[in-house]
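Note sheet for the following structure.
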Amino acid sequence: MSKSLKFRSVLVLLCLLLSVFAIAPTLLRNSLPQWWLDAFDPIHLGLDLQGGMHLVLGVDVDKAVESRIDTIIDQIEAQLREKDIVFKRVERRQGDRLVVLVYDKAEGAKVDALMADEFPSMEGETFTGSGGYIEKNYRLSDKEIENIKDYAVRQALETLRNRVDQFGVSEPTLQRQSDNRILIQLPGVEDPERAISLLGKTARLEFKIVDENANIQDALAGKLPPGTQLLYERNVNRKTGSESETPLVVKDKTVLTGDLLADANVRIDTRFNEPYVAIEFNSVGAKRFDQITAANVGKRMAIVLDDTVYSAPVIRERISGGSAQISGAFTSQEATDLAIVLRAGSLPAPVKILENRTVGPSLGQDSIDRGIRSIWVGAVLVILAMIIYYQMSGVVAVIALSLNLVFIAAMLAMFGATLTLPGLAGIVLTIGMAVDANVLIFERVREEVRLGRAPKLALDSGYSKAFLTIIDANLTTLLAALVLFQFGTGPVRGFAVTLSIGIIASLFTAIFVSRLIFDFYLKGRDIKRLSI
Amino acid sequence: MQLIKPNTNIDFVGKRKLAFFVSIALILIGIASLIVKGGPNYGIDFAGGTLVQVKFTEPTDAATIKGALKDLDLGNPVVQSFGEDQNEFLIRVERTTGELQGLSTQIQSTLEKTFKKGQVDIRRVEMVGPQVGKDLRSKGLKAIFYAMLGILVYVSWRFEFRFAVGAIVALMHDVIITLGAFSVFNKEIDLPIIAAFLAIIGYSLNDTIIVYDRIRENLGKHNKEDFSFIVNRSVNETLSRTLLTSGTTLLVILALFILGGGVIHNFAFAMLVGVVIGTYSSIFVASPILILWQKKSKARTS
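Line by line, the protein sequences give chains W and Z.
Heads up: the first sequence begins at 3 in this note's numbering, then just goes up one per residue.
Heads up: the second sequence begins at 621 in this note's numbering, then just goes up one per residue.
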């Protein structure tokens, strides 16, 4: 018995010691030696307590499929011309379908042969279209579509990670979720609006040749020459800062994209003393830029970012160095952010913000203060109630409860769990419920005492009779907490975490620790009456 | 100290008809309120929308803020005060489209025209798209469903099937009444409320199981007595514990309710209602159902 008493005391003391070690970095971050801080992280605070931004972005994967089809269309058109196959046109339909319109069966067969050679994964079907054309339909296999979508999300995650890294937030979290969603958490971000504009931008940089022959008025009325499109050029009045748009007709075909960039940096234009973004192509890009400028001297080249024309300078001469500039009366932050997104690369498909929760740092601190205050007040009330009701035994329960709080904090620190506002509420709730186990035990002991049992015997049978009840009651609550952990998100998950940890810690303290204290108290003493 | 004298014998089981009417009345009031108000009052987590929490350096009121926001095209924003001082408000807008992306800066600059610059602090912005709202809603319902299922299995395993049925009926009773209370008091149901519902389920079950445990024990001890006598005796024997634990739990919830601040306020409200109803249901709902079940099966065998 005394051996077991010693063993149990050592166990509890070890737990307590470990807990104190684990909690210390949270309480005294600055005055501890480095090895200590390396061993235990401070308790991790959720975004709702430390302030920050929680974003869920949805990647528009259908757009990625569409743009893949568009690329294939470009390649097919080139091949058909090269092989002298007569066709009317090639177009995309219903997002994932590619249609080649031909005049007769013989040409149709040639198209089939070409497709089988070049794009064997596409499934073909033939229809007789209106006006005597034959429609050769091809669609990507479901597996291929899945691959494209999957790749788009992975690529988007990679690009977003690059942007976040350059944005300079400490400990950001980026995670892929189901349904083509990406979760981004930016703790302590200071300018949420800027973060959104930086992350939400597709940053698809394209160079297109301006169609000078097109009539703008016709274009605005919807009559566009074939193979062209209407875009708007963004103009900023340097004096007033007001923005306006002018329509511009450009050739559909993108001559060069931002994929071929090697670098992008902010420079200052000495004429207007305003920033611009200097871009540099990689070797492939530089060569192509050289060819394009050589072939289009005297024409204007539109620099298009996400379907907005930033500028459309006239190509005065062939440019072979592989560098260009994007100007547009930017503020220095706009220019910096543009350079960041160009360096990080474009998103393979547009993203949409599905969820945004931003908490300012002042609110977070407020919540922490209120949470801590609730814990203190709740704890004091429970302590008073227990001591008044159970006297000396109440004191034992209170010691168990205090240890319980220490263990909860220690487990949060050791498991690297995240403490959120609902998590704080979970701790408060645990305080109220943790004493339940002791109440159950004490009520049983009282019953035994009433039956005339001696203190030691009454304690023995009280503890053993209450044990199974306590396990049953707590396991079911734990079950509810685990389900909540499985289905909950963010802050709510934090509640499930503290509730589960609280239940486990309270089982240990209420059953094991309180019993130990009683055993110490009774050891070697002849107690006639238990204060309970 | 003792709240309940030993050998107290209150006839809880005899009052089960009265309790039955009370429960039905509470449930009907809740359901009526839900029907009149066209379903649960979902917050933005489940309905989708945008929420902006603004703090002013000086007290003001909702009408002034609404007036100040008149020129912004926000649809029909709902402005309500938040917390105990009259200087913090929630602005809720239904739409979540892309053009609302700069919403918080827009609101700040618009408010600063009416109030002075530096007096307006945007403390929290939450935007939930309709799709995410739908997902969260189905996740919440699933969580409650699976929790109940798990409990049914566990209690059937540890006790008997009829005990499990009694426990589940009591839990649904608690959740429905709490849901009704939210509707009656016009409180919004958000993600933390689902957490509160699960905590209520956990708590109420805890309570129920402790009474059941005693019933099981007494069934072995007094196997000659009438079943309803055993149930009543068990409720009485555990009454002292039931009241004390509910008491300490209510104390801490009250602390949260009063001191926890705005976000926790509704959570604490749910727990407050849930713990009171959960305590009541383990005495007046979960246990009488066992008697009802017993009588039914006896009638069937004879």
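The beta-carbon is built from N, C-alpha and C at its ideal position, and this holds for glycine as well.
Since alanine 341/W contacts valine 279/W with CB under 8 Å, what's their CB separation in whole angstroms?
Taking the first residue of the first sequence as position 1, residue 341/W is located at position 339. Taking the first residue of the first sequence as position 1, residue 279/W is located at position 277. With 8 Å as the limit, alanine 341/W and valine 279/W qualify as a contact, their Cβ atoms being about 5 Å apart.
How would you list, in chain order, the residues of chain W whose beta-carbon sits under 7 Å from the beta-carbon of lysine 762/Z?
Numbered from 1 along the second sequence, position 142 holds the residue referred to as residue 762/Z. Neighbours of lysine 762/Z on chain W, chain order: Phe489.
C-alpha gap between serine 33/W and alanine 26/W, whole angstroms:
Walking along the first sequence from the start, residue 33/W turns up at place 31. Walking along the first sequence from the start, residue 26/W turns up at place 24. A straight-line Cα-Cα distance of about 10 Å links serine 33/W and alanine 26/W.
Give me, in chain order, the residues of the same chain whose beta-carbon lies closer than 8 Å to that of proline 457/W; leave out the 5 immediate sequence neighbours on both sides.
Against the first sequence, residue 457/W aligns to sequence position 455. Apart from the 5 residues on each side of it in sequence, proline 457/W sits with its Cβ closer than 8 Å to the Cβ of Val451, Leu524, Ile529, Lys530, Arg531 and Leu532 in its chain, given in chain order.
Asparagine 826/Z touches chain W at which residues, Cβ-Cβ below 8 Å?
Numbered from its first residue, the second sequence carries residue 826/Z at position 206. What asparagine 826/Z touches in chain W: Met435, Asp438, Ala475, Asn476, Thr478 and Thr479.
In the structure shown, what three-state DSSP assignment does leucine 689/Z receive?
The residue you call residue 689/Z lines up with position 69 of the second sequence. If DSSP states are grouped into helix, strand and coil, leucine 689/Z belongs with coil.
May I ask you to report which of helix, strand or coil DSSP gives threonine 420/W?
Here residue 420/W refers to the residue found at position 418 when the first sequence is read from its first residue. Three-state DSSP puts threonine 420/W in a strand.
Integer Cβ distance of threonine 677/Z from glutamine 739/Z, believed to fall under 8 Å
Your numbering for residue 677/Z matches position 57 in the second sequence. Your numbering for residue 739/Z matches position 119 in the second sequence. Yes, threonine 677/Z and glutamine 739/Z are in contact; Cβ-Cβ is about 5 Å, under 8 Å.
Comparing C-alpha positions only, which one of Ala24/W, Asp106/W and Lys354/W sits nearest to phenylalanine 417/W?
Translated into positions along the first sequence, residue 417/W becomes position 415. For the residues Ala24/W, Asp106/W and Lys354/W, the minimum Cα distance to phenylalanine 417/W belongs to Ala24/W.
Roughly how many whole angstroms lie between the Cα atoms of leucine 871/Z and aspartate 144/W?
Numbered from 1 along the second sequence, position 251 holds the residue referred to as residue 871/Z. Numbered from 1 along the first sequence, position 142 holds the residue referred to as residue 144/W. Between leucine 871/Z and aspartate 144/W, the alpha-carbon positions lie close to 59 Å from each other.
Would you identify the three-state DSSP class for glutamate 192/W, choosing helix, strand or coil?
The count along the first sequence starts at 1 and reaches residue 192/W at position 190. In the structure shown, the three-state DSSP call for glutamate 192/W is coil.
Between the segment 348-370 of chain W and chain Z, which residues of the former have CB atoms less than 8 Å from a CB of the latter, in chain order?
Against chain Z - using a Cβ distance shorter than 8 Å - the residues of the segment 348-370 of chain W are Lys354, Ile355, Leu356, Glu357, Asn358, Arg359, Thr360, Val361, Gly362, Ser364, Leu365, Asp368 and Ser369.
Three-state secondary structure assigned by DSSP to leucine 100/W:
Here residue 100/W corresponds to residue number 98 of the first sequence, with the count starting at 1. In the displayed model, leucine 100/W falls within a strand according to three-state DSSP.
Can you list, in chain order, the residues of its chain whose CB lies under 7 Å from that of methionine 3/W, leaving out five sequence neighbours each side?
Position 1 of the first sequence, counting from 1, holds the residue named residue 3/W. Bear in mind that a pLDDT of 47 at methionine 3/W, under 50, signals an unreliable position, so the number given afterwards is only what the model happens to contain. Cβ within range, chain order: n/a, list empty.
Would phenylalanine 702/Z be called buried (16 or more neighbouring beta carbons within 10 Å of its own) or exposed?
Here residue 702/Z refers to the residue found at position 82 when the second sequence is read from its first residue. So phenylalanine 702/Z ends up on the buried side.
With DSSP as the reference, label methionine 3/W as helix, strand or coil.
Within the first sequence, numbered from 1, the residue matching residue 3/W stands at position 1. Residue confidence for methionine 3/W is low, a pLDDT of 47 falling below 50, so the modelled location carries little weight and cannot support an answer.
With 8 Å as the threshold, decide whether the Cβ of proline 812/Z is near any Cβ in chain W.
Indexing the second sequence from 1 puts residue 812/Z at position 192. Under the 8 Å criterion on CB atoms, proline 812/Z is classed as interfacial with respect to chain W.
Please confirm if the segment 305-316 of chain W is in contact with the segment 230-238 of chain W, defined as three or more CB-CB distances below 8 Å between the two stretches.
Short answer: they touch.
Cross-chain neighbours of serine 860/Z in chain W, by beta carbon under 7 Å:
Taking the second sequence and counting its residues from 1, one reaches residue 860/Z at position 240. Per Cβ cutoff of 7 Å: Glu445.
Interfacial residues, the segment 741-752 of chain Z to chain W, with Cβ spacing under 8 Å:
Taken in chain order, the members of the segment 741-752 of chain Z whose beta-carbon sits within less than 8 Å of a beta-carbon on chain W are Asp741, Ile742, Arg743, Arg744, Val745, Glu746, Met747, Val748, Gly749, Gln751 and Val752.
Hey, is threonine 471/W's beta-carbon within less than 8 Å of any beta-carbon in chain Z?
The count along the first sequence starts at 1 and reaches residue 471/W at position 469. Among the CB atoms of chain Z, one or more fall inside 8 Å of the CB of threonine 471/W.
Measuring straight from C-alpha to C-alpha, what distance separates alanine 197/W and phenylalanine 169/W?
As a position in the first sequence, residue 197/W is number 195, starting the count at 1. As a position in the first sequence, residue 169/W is number 167, starting the count at 1. Roughly 8 Å separates the two Cα atoms.
Apart from the five residues on each side of it in sequence, which residues of its chain come closer than 7 Å, Cβ to Cβ, to glutamate 857/Z?
Within the second sequence, the letter at position 237 stands for residue 857/Z. For glutamate 857/Z, same chain residues with a beta-carbon under 7 Å away, outside a window of 5 residues either side, are Arg834 in chain order.
For arginine 302/W and aspartate 152/W, I'd like the C-alpha separation in whole angstroms.
In the first sequence, residue 302/W corresponds to position 300, counting from 1. In the first sequence, residue 152/W corresponds to position 150, counting from 1. For arginine 302/W and aspartate 152/W, the distance between alpha carbons rounds to 38 Å.
Using C-beta distances below 6 Å, list every residue in its chain close to alanine 288/W, excluding the 5 sequence neighbours before and after it, in chain order.
Sequence index remark: in the first sequence, residue 288/W carries index 286 (1-based). Excluding residues within five positions, the ones whose Cβ falls inside 6 Å are Gly324.
Along the alpha helix (DSSP H) that carries serine 2/W, what are the first and last residues, could you check?
Here chain W has residues from 3 to 534 only, and residue 2/W is not among them.
Give the range of the beta strand (DSSP E) segment to which valine 745/Z is assigned.
Here the question's residue 745/Z lines up with position 125 in the second sequence. That run of the beta strand (DSSP E) goes 740-748.
Please report how far the alpha carbon of serine 180/W lies from the alpha carbon of glycine 490/W, in whole angstroms.
Numbered from 1 along the first sequence, position 178 holds the residue referred to as residue 180/W. Numbered from 1 along the first sequence, position 488 holds the residue referred to as residue 490/W. Computed Cα separation, rounded: 15 Å.
Cβ closer than 7 Å: which chain Z residues qualify as neighbours of leucine 483/W?
On the first sequence, residue 483/W is found 481 positions in, with the first residue counted as 1. For the record, residue 483/W in the displayed sequence is alanine; it is not leucine. Ordered by position in chain Z, the residues that pass the 7 Å Cβ test against alanine 483/W are Gly822.
Endpoints, the beta strand (DSSP E) within which serine 313/W is located:
The sequence position of residue 313/W within the first sequence is 311, counting from 1. Unbroken beta strand (DSSP E) run through serine 313/W: 310-313.
Quick check: is the beta carbon of methionine 3/W nearer than 8 Å to any beta carbon in chain Z?
Taking the first sequence and counting its residues from 1, one reaches residue 3/W at position 1. Unreliable positioning characterises methionine 3/W in this predicted model, as indicated by a pLDDT of 47, which lies under 50. A coordinate reading is not provided.
From this set, Gly425/W, Met394/W and Ala482/W, which residue's C-alpha is nearest phenylalanine 520/W's C-alpha?
The residue given as residue 520/W occupies position 518 in the first sequence. The option with the nearest alpha carbon to phenylalanine 520/W is Met394/W.
Option nearest lysine 255/W by Cα separation, candidates Ala80/W, Asp271/W and Gly229/W
Here residue 255/W refers to the residue found at position 253 when the first sequence is read from its first residue. Here the closest residue by C-alpha is Gly229/W.
Determine, using beta carbons only, whether alanine 424/W comes closer than 8 Å to chain Z.
Mapped onto the first sequence, residue 424/W falls at position 422. Strictly speaking, residue 424/W in this sequence is proline, with alanine absent from that position. Cβ-Cβ to chain Z under 8 Å: yes for proline 424/W.
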